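Q: In my numbering, the protein residues as written are 172 to 362.
Just so you know, even glycine gets a beta-carbon here, dropped at the ideal spot from N, CA and C.
It should be emphasised that the depicted structure is a prediction, and the values quoted were computed from it without experimental measurement.
Can you read through this structure? Questions will come right after.
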């Protein structure tokens, strides 16, 4: 763990700037878990830190931790809209990058009901809305199961979602929404 790692993780803007200005820091140094300063700044929603690191032009925007999770994956998980936007704006991130369980940024954002993040990812135009994790679960399946009506609508509005995809248990998004009593989501899926 380097001084830059600690400063980025903790959100100390002035310290990060000082360290970067020396030109002598490894912007992609990793801790024992494979987390870089950018990864930590993104995970903690430190927009300013993320921007400073991206502005160096030297960071690997798709660096993965030991579980295969990228800065975009972490920012999507946490619903950090501003950080997700910064990362997408680089044009260098793999929006469909999967972790070791097959979960991608859209999957995490849909699961958590992060409507703004789901919209950003969809608007990037590169995301595969039907990607499945290792259990055959799609972003739509998770949004439906958890009753995230706005996210389900966003996914359906792409016109690319296969509403009949089944997970490894033979369950569809409709069956998961029905199981949990999410009436509004069931209506959306039946239309």
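Between the stretch 172-188 and the stretch 204-214, do at least 3 Cβ pairs fall closer than 8 Å?
A: Touching, per the Cβ criterion.
Q: By a C-beta neighbour count over all protein chains shown, 10 Å radius and 16 as the cutoff for buried, is residue 172 buried or exposed?
A: Exposed, since its Cβ has fewer than 16 Cβ neighbours within 10 Å.
Q: Would you mind sorting residue 339 into buried or exposed? The rule is 16 or more other CB atoms within 10 Å of its CB.
A: So residue 339 counts as exposed.
Q: Taking buried to mean at least 16 other C-beta atoms within 10 Å of its own C-beta, is residue 354 buried or exposed?
A: Under this definition residue 354 is an exposed residue.
Q: What three-state label does DSSP hand residue 283 in the structure shown?
A: Reduced to three states, the DSSP call for residue 283 is helix.
Q: Would you identify the three-state DSSP class for residue 175, choosing helix, strand or coil?
A: It is helical.
Q: Assuming residue 224 and residue 259 form a contact by the criterion Cβ under 8 Å, report the distance between their Cβ atoms to the nearest whole angstrom.
A: In fact, because the Cβ distance is near 15 Å, the residues do not count as touching under 8 Å.
Q: Buried or exposed: where does residue 304 fall if 16 or more other Cβ atoms within 10 Å of its Cβ makes it buried?
A: So residue 304 counts as buried.
Q: Would residue 282 and residue 300 be called neighbours here (beta carbons separated by less than 8 Å)?
A: Going by C-beta atoms, residue 282 is not nearer than 8 Å to residue 300.
Q: Per DSSP, what kind of secondary structure is residue 295 in: helix, strand or coil?
A: Coil, per DSSP.
Q: Please go through the same chain and pick out, in chain order, the residues whose beta-carbon is closer than 7 Å to the beta-carbon of residue 296, but skip the five residues on each side of it.
A: Nothing meets the Cβ criterion.
Q: Using the rule of at least 16 other Cβ atoms within 10 Å of the residue's Cβ for burial, across every protein chain shown, is residue 294 buried or exposed?
A: Burial call: exposed.
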